[in-house]
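Report on the following structure.
Number of protein chains: 2
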Amino acid sequence: MKTADPELMRAINRFHVMDAIRRFGPTSRVEISQLTEMSPTTVSAITAALLDDRLIIPLQVGAVRDAGRGRPRVMLKLNPDAAHVVGVKLAPDQITVAVTNFCADILRSLSMPIRIDRQTAAVIADLVEDGVRRCVSDAGLELAGVSGICVGLPGVVERSAGVCRQSPIFRERDVPLGADLAFRLGVPTSLDSDVNLVALAEHWFGQARDLNDFLVVNVDRSLGLGILHNGELFRGANGLGPDLGDLMVRRRGDGVVRLAEVGSETSVLGEAEALLGDGGQRAEVRPEREMALLLQRAQGGDARCADLLAAAGEAVGFAVANLITLFAPPRVIVSGRAMATSECFIEALRKTVAALLPASLADVSDIVVREFSESVWARGAAAMTLRELYGAPWSTTGPAQLRELQTSHAGESS
Amino acid sequence: MKTADPELMRAINRFHVMDAIRRFGPTSRVEISQLTEMSPTTVSAITAALLDDRLIIPLQVGAVRDAGRGRPRVMLKLNPDAAHVVGVKLAPDQITVAVTNFCADILRSLSMPIRIDRQTAAVIADLVEDGVRRCVSDAGLELAGVSGICVGLPGVVERSAGVCRQSPIFRERDVPLGADLAFRLGVPTSLDSDVNLVALAEHWFGQARDLNDFLVVNVDRSLGLGILHNGELFRGANGLGPDLGDLMVRRRGDGVVRLAEVGSETSVLGEAEALLGDGGQRAEVRPEREMALLLQRAQGGDARCADLLAAAGEAVGFAVANLITLFAPPRVIVSGRAMATSECFIEALRKTVAALLPASLADVSDIVVREFSESVWARGAAAMTLRELYGAPWSTTGPAQLRELQTSHAGESS
DNA sequence: GCCTTTTATCCGAGACACAAATTAAATCTC
DNA sequence: GAGATTTAATTTGTGTCTCGGATAAAAGGC
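Chains A and B, in that order, give the protein sequences. Numbering follows my numbering, in which position 101 of the first sequence is assigned residue number 502; successive positions increment by one, without gaps. Numbering follows my numbering, in which position 60 of the second sequence is assigned residue number 461; successive positions increment by one, without gaps.
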């Protein structure tokens, strides 16, 4: 928490007004006043300033007919054209780019099915640069009109530094992709874990609008974990999001079995090689097809395939149960494209969690599946950038930090 | 975050001033101004108000001789007599009560070696009431002069409700001890997990004054976990601290092995029954003696005893490694009286953590042992209450919460 | 005894929130 | 259809806060 002055006061209240409008859609000043518990005077002043900055606009009058008697309310909404932002998602086999407006509506998106894992960071940055330029131009915009870019990718990402510490799609470690792209495109660029984007999207637009605490577990080629705690994305003390795949599920000799080795699509396909009976090398080349085949067989009644999926579900369930014990989130959202939506997997996960939760926590969390959709994360990436534009003053500053004391008495020693 | 008004602004800045004085000891106004980055004018105004309320007092002039030239600084410090608070710790075999002043100095303490586990809540409340009355009176105070009481106990505690959800020392669940004692003694009483008190004490006075993130693992008859994250005590979404003993270390059939079954003194003694060769019932009656015996034998070279301790250390290490993966704290403090200080145990814990941490997190945490001391938690309990008196305005309010919208247009439906 | 230096306070300006009064824009009533 | 009624939004005035600059206070230096 920064030291408080009138400016901070205004920033806080302005954020509350923006947040209320964003969350409740077109809203009148009286409603904002009630929602935020600020006086009508203050709301009026703040909305006047926001209107002046063209961050919000009045809804066309007559659009909402009001059954009441007195002067009709003027509904205010976010100005869609107040800003434009770009979201980018890097997946092992695909780059997706989306341009959204200030309301996080997707104006234009672009998918490039390219296998980028194990490419060099420079090549990937090239591809992303091209994709962004193309998508922005297709949306009828200029790069100069873009306020920010957010790139989501699997792995461990240090958002504050704009660096990807490690990722399945980079050979290198500590890739400073944020600064790189910002330089290439001339637009502020942030980096974040793809799961965090999904978590924010669910919080702003999705199944968790009403919740300030939930988990997002992304089950895909690799595993991801996003935690919303007290309305904020949870990061460890080093600023890194926790990596679900690094969580340990059991001992093995002197070492340990990590979830990544037993709960991801990659690991399941590795074990399924023999079962699918094509020598296994295919899984390296076309993992989606192999996964689809595995799911199909499992659904068709192949017990061994079903068991493989169930084993993965149990492993993930074990980790999720531990996470619920820590965070006690009312909801756990499992997202993903293939395995995550399989009955075998998800049922095993559900059953394991139910069986393992301590009695005191039974029934605190319900586990829902959210099939992966490009639009979800894209809006999340937009939200991540827009949140900076709105400027929530406390989350950026962190807890009270006192400056180093500089002794002013000459020759004094402490 | 509450809606910001001048009052909140003042509250925040007043807290910063108090916090600076608390942390840096006797401090002059200029120093506070530098530390908090507030203007000298503001600091002067706030300190004047605090002096007026007698929350702080000027240090006796002449006490600190200043080598400088100009007008000497007036050092300000917390007024020890501004308030008195009481800390209570409930352990299975002991009730401890301590009275402290506004600086969290212990004025008087009282230990009552009584086996209270498995007593009824009413009996325990009686004992606590007596102990508090006695200790306050011994300190030369009246109950009316006590601003608050904080009770620490093992188990799962819902601080906000003043209810102990479950604890090894209560047969009952959901014991509303806070309200009960507040009623009996006429003093506001809060409840918290004993580990949280230790964590706060370490943060305010102990080995983690400079850290905003660390874990405290309490290894005792039962296991406890306190997490300081971003300078605040971490609690789950339900307001409950996570229970270390509920964390799972491995599967066992359809069920699971929880840390409480393998990593606590109780569990180790359970397994050691045969080894110690006295029929085992002694452990029920005199666990401390049995534990001491076990430690002694292990130290003396009894491999089987040492292995038992090492196994517990490994189990706790497994859980700690997972916690480090999530929270990435720079320091982990292991506290406890008996087993926690044993070399066999702590070395196994250290080795396990080192072996299991993912490469990206190696060396982020150093693990230190803090032998249990009554004074630590007592100051923690004091700090917990004093923090409320200081009034950090943001931690109490939490993130932006919008009130329910009440439609004011009659007959309107949304 | 006067000057210099550092600390603390006083004074006026600027920003803000808020309550009360006022204006605005509709519907209702007769 | 003109005035009363009702609800929304703005204007006005007051008090609180922080802060920069001027001023007073309290020492040592000379």
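Note that the Cβ used here is the ideal one computed from N, Cα and C, for glycine as well.
Exercise. How long is the line joining the alpha carbons of R687(A) and S429(A), rounded to whole angstroms?
Worked result: Residue numbering aside, residue 687(A) sits at position 286 when the first sequence is read from its first letter. Residue numbering aside, residue 429(A) sits at position 28 when the first sequence is read from its first letter. The alpha-carbon atoms of R687(A) and S429(A) are separated by roughly 53 Å.
Exercise. How would you label A707(B), buried or exposed, when you count the other beta carbons within 10 angstroms and need 16 or more for buried?
Worked result: Numbered from 1 along the second sequence, position 306 holds the residue referred to as residue 707(B). Buried, by the Cβ-count rule.
For this session: Less than 8 Å between the CB atoms is what I'm expecting for G718(A) and A749(A), so what's the real figure, rounded?
Result: Stepping through the first sequence from its first residue, residue 718(A) is reached at position 317. Stepping through the first sequence from its first residue, residue 749(A) is reached at position 348. Yes, G718(A) and A749(A) are in contact; Cβ-Cβ is about 7 Å, under 8 Å.
For this session: Check each candidate in G646(B), G701(B), R652(B), G656(B) and name the one with the smallest Cα separation from E662(B).
Result: The residue you call residue 662(B) lines up with position 261 of the second sequence. The option with the nearest alpha carbon to E662(B) is G646(B).
Exercise. Of all the residues that make up the stretch 748-765 of chain A, which are near chain B by a beta-carbon distance shorter than 7 Å?
Worked result: A756, L757, P759, S761, V765
Exercise. Should R651(B) be flagged as near chain A, meaning a C-beta pair shorter than 9 Å?
Worked result: Start at 1 with the first residue of the second sequence, and residue 651(B) comes out as number 250. Closer than 9 Å to some Cβ of chain A, the Cβ of R651(B) qualifies, so yes.
Problem set entry | DSSP-derived helix/strand/coil call for Q567(B) | Locating residue 567(B) in the second sequence gives position 166, counting from the first residue. It is a strand residue.
For this session: Kindly list, in the order they appear in chain B, the residues whose Cβ is closer than 7 Å to that of L787(A).
Result: Position 386 of the first sequence holds residue 787(A). Correct list: empty, because the minimum Cβ distance to chain B is about 16 Å.
For this session: Given a cut-off of 9 Å, decide if S594(B) and G549(B) are closer than it, judged by their beta-carbon atoms.
Result: Here residue 549(B) refers to the residue found at position 148 when the second sequence is read from its first residue. Here residue 594(B) refers to the residue found at position 193 when the second sequence is read from its first residue. Taking C-beta atoms as the reference points, G549(B) and S594(B) fail to come closer than 9 Å.
For this session: Quick one: measure Cβ to Cβ for N619(A) and V588(A), integer angstroms, because I've assumed they're closer than 8 Å.
Result: Taking the first sequence and counting its residues from 1, the one referred to as residue 619(A) is at position 218. Taking the first sequence and counting its residues from 1, the one referred to as residue 588(A) is at position 187. At roughly 27 Å, the Cβ-Cβ gap does not stay under 8 Å, so N619(A) and V588(A) are not in contact.
For this session: Report the rounded CA-to-CA distance for I525(A) versus S668(B), giving the unit in angstroms.
Result: For the purposes of this step, residue 525(A) is taken as residue 124 along the first sequence, with counting starting at 1. For the purposes of this step, residue 668(B) is taken as residue 267 along the second sequence, with counting starting at 1. One C-alpha to the other measures close to 53 Å.
Problem set entry | G564(A) and P577(A) closer than 9 Å at C-beta | Position 163 of the first sequence, counted from the start, is the residue given in the question as residue 564(A). Position 176 of the first sequence, counted from the start, is the residue given in the question as residue 577(A). Reading the sequence as shown, one finds Val at residue 564(A) and not Gly. Yes, the pair counts as a contact, with Cβ atoms nearer than the cut-off.
Exercise. I433(A) by DSSP, collapsed to three states: which one?
Worked result: For this step, residue 433(A) is matched to residue 32 along the first sequence. Reduced to three states, the DSSP call for I433(A) is helix.
Problem set entry | T442(B) burial status per 10 Å Cβ neighbour count (16 or more: buried) | In the second sequence, residue 442(B) corresponds to position 41, counting from 1. Exposed, because fewer than 16 other Cβ atoms sit within 10 Å of the Cβ of T442(B).
For this session: Using a Cβ-Cβ cut-off of less than 8 Å, list which residues of the stretch 560-592 of chain B approach chain A; keep chain order.
Result: Residues R566, Q567.
Problem set entry | Limits of the unbroken beta strand (DSSP E) element including A499(A) | On the first sequence, position 98 is the one that residue 499(A) refers to. Counting along the chain, the beta strand (DSSP E) containing A499(A) begins and ends at 495-501.
Exercise. Since V547(A) meets chain B, which of its residues come closer than 8 Å, beta carbon to beta carbon?
Worked result: Position 146 of the first sequence, counted from the start, is the residue given in the question as residue 547(A). Within 8 Å Cβ-Cβ: nothing; V547(A) doesn't reach chain B, min ~28 Å.
For this session: Report the neighbours of A476(A) on chain B: residues whose CB is nearer than 7 Å to its CB, in chain order.
Result: As a position in the first sequence, residue 476(A) is number 75, starting the count at 1. The sequence shown places Met at residue 476(A), rather than the Ala named in the question. Those do not exist, as M476(A) stays about 13 Å from chain B at its closest Cβ, beyond 7 Å.
For this session: Return helix, strand or coil for G681(B), following the three-state DSSP convention.
Result: Taking the second sequence and counting its residues from 1, one reaches residue 681(B) at position 280. Confidence in G681(B) is poor, its pLDDT being 48 and thus under 50, which makes the residue's placement too unreliable to answer from.
Exercise. To which residues of the same chain is A505(B) closer than 6 Å at the C-beta, ignoring the five residues directly before and after it?
Worked result: Locating residue 505(B) in the second sequence gives position 104, where the first residue counts as 1. Within the same chain, A505(B) has close Cβ partners R780, A783, A784.
Exercise. With 16 as the cutoff for other CB atoms within 10 Å, does Q461(A) come out buried or exposed?
Worked result: Numbered from 1 along the first sequence, position 60 holds the residue referred to as residue 461(A). It counts as exposed.
Problem set entry | Alpha-carbon to alpha-carbon, P427(A) and D420(A) | In the first sequence, the residue the question calls residue 420(A) occupies position 19. In the first sequence, the residue the question calls residue 427(A) occupies position 26. Approximately 12 Å between the Cα atoms of the pair.
Exercise. Smallest Cα separation from Q495(A): which of D453(A), M513(A), S743(A)?
Worked result: Mapped onto the first sequence, residue 495(A) falls at position 94. For the residues D453(A), M513(A), S743(A), the minimum Cα distance to Q495(A) belongs to M513(A).
Exercise. Once you ignore the five residues that flank T448(B) on each side, which residues in its own chain have a CB closer than 8 Å to its CB?
Worked result: The residue you call residue 448(B) lines up with position 47 of the second sequence. Closer than 8 Å at the Cβ level, and outside the excluded window around T448(B), lie V418, R430, I433, I457, L477.
Problem set entry | Cut-off 7 Å between Cβ atoms - residues of its own chain near V770(B), not counting five sequence neighbours on either side | As a working note, residue 770(B) is residue 369 in the second sequence. V735, A741, T742, I747.
Exercise. Going by Cα to Cα distance, which pick from C536(B), A609(B), Q567(B), A760(B) is closest to T726(B)?
Worked result: The residue given as residue 726(B) occupies position 325 in the second sequence. Taking T726(B) as reference, the option from C536(B), A609(B), Q567(B), A760(B) with the minimal CA-CA separation is A760(B).
Exercise. Is it right to say S766(A) is buried, meaning 16 or more other beta carbons lie within 10 angstroms of its own, or is it exposed?
Worked result: On the first sequence, residue 766(A) is found 365 positions in, with the first residue counted as 1. That one is buried.
Problem set entry | Rounded C-alpha distance that separates E691(A) from E775(A) | Here residue 691(A) corresponds to residue number 290 of the first sequence, with the count starting at 1. Here residue 775(A) corresponds to residue number 374 of the first sequence, with the count starting at 1. So the alpha carbons of these two residues sit roughly 22 Å apart.
For this session: Consider the Cβ of G681(B): report whether some Cβ of chain A lies at a distance smaller than 9 Å.
Result: Walking along the second sequence from the start, residue 681(B) turns up at place 280. Reliability of the predicted coordinates at G681(B) is poor, the pLDDT of 48 falling under 50, and the value obtained from them is presented with this limitation in mind. G681(B) does not count as touching chain A.
Problem set entry | Interface flag, V657(B) vs chain A, CB-CB below 9 Å | Taking the first residue of the second sequence as 1, we reach residue 657(B) at position 256. Yes, because at least one Cβ of chain A sits closer than 9 Å to the Cβ of V657(B).
Exercise. Hey, quick one: how far does the beta strand (DSSP E) through T590(A) stretch, first residue to last?
Worked result: The count along the first sequence starts at 1 and reaches residue 590(A) at position 189. Element bounds for T590(A): 590-594.
For this session: Could you check the C-alpha separation between V552(A) and F615(B) for me, to the nearest Å?
Result: Reading the first sequence from its first residue, position 151 is the one you call residue 552(A). Reading the second sequence from its first residue, position 214 is the one you call residue 615(B). Those two C-alpha atoms are separated by around 30 Å.
For this session: Please find out if some non-hydrogen atom of the ligand NAP comes closer than 8 Å to the beta-carbon of V576(B).
Result: With respect to small molecules bound, the structure shown includes none, and the ligand NAP cannot be examined in it.
Exercise. Going by alpha carbons, who is nearest to V529(A) out of D539(A), G488(A), E543(A), I507(A)?
Worked result: In the first sequence, residue 529(A) corresponds to position 128, counting from 1. Among D539(A), G488(A), E543(A), I507(A), the Cα nearest to that of V529(A) is on G488(A).
Exercise. If N502(A) and P473(A) are in contact, beta carbons under 8 Å, what's the gap, nearest whole angstrom?
Worked result: Residue mapping note: residue 502(A) aligns to position 101 of the first sequence, counting from 1. Residue mapping note: residue 473(A) aligns to position 72 of the first sequence, counting from 1. So it is not a contact: roughly 27 Å between Cβ atoms.
For this session: Use the C-beta contact count for Q435(A): other C-beta atoms within 10 angstroms, 16 or more gives buried, fewer gives exposed.
Result: Position 34 of the first sequence, counting from 1, holds the residue named residue 435(A). Buried, since its Cβ has 16 or more Cβ neighbours within 10 Å.
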